[in-house]
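Residue numbers (the working numbering): 3 to 99.
See below for the structure under consideration.
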């Protein structure tokens with residue numbers, strides 16, 4: 003891609019570190035996150051807790067509605083608190099370098 007950004011969204015299992023679902027998008031719209039979340043739930047069932055950062059797609063009514071509708075507890079890290087999302091940060095580092 004010459005200009006702009008491509009956003010990668012991945013859902014990881016904390017126990018196995020396995021990528022359960024992922025999507026690429028050239029926007030920060032919530033749709034691609036919803037698709038991946040629905041795929042992960044369909045294939046692996048509902049987790050008790052879903053941890054994410056405070057990105058706009060994760061704080062949207064559509065995303066929080068899907069998660070709460072499945073009776074999943076939402077856990078959002080503190081602003082700039084990388085330790086809460088260390089597994090996915092490690093994945094991003096592996097992909098970048």
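Ideal Cβ positions, reconstructed from N, Cα and C, are used throughout, including at glycine.
Notebook entry, point to check: In or out: residue 43 buried (at least 16 other Cβ within 10 Å) or exposed?
Noted result: Burial call: buried.
Note to self: Judging by CA-CA distance, which residue of 99, 98, 92 is the nearest neighbour of residue 19?
What the structure shows: It is 92 whose Cα lies nearest to the Cα of residue 19.
Checklist line | Span separating the alpha-carbon of residue 47 from that of residue 77 | finding: Those two C-alpha atoms are separated by around 18 angstroms.
Note to self: In the DSSP output, which residue or residues are listed as bridge partners for residue 27?
What the structure shows: For residue 27, DSSP records a beta bridge to 9.
Margin query: According to DSSP, simplified to helix, strand and coil, what is residue 51?
Written below: The answer is strand: DSSP assigns residue 51 an E or B state.
Next item on the list: Would you give the residue range spanned by the beta strand (DSSP E) that residue 56 belongs to?
Entry: From DSSP, residue 56 is part of no beta strand (DSSP E); its letter is neither H nor E.
Next item on the list: Within its chain, find whatever has a CB closer than 7 angstroms to the CB of residue 34; leave out the 5 residues flanking it on each side and keep chain order.
Entry: Cβ within range, chain order: 11, 25, 27.
Notebook entry, point to check: Who are residue 69's beta bridge partners in DSSP?
Noted result: Partner(s): none; residue 69 has no beta bridge.
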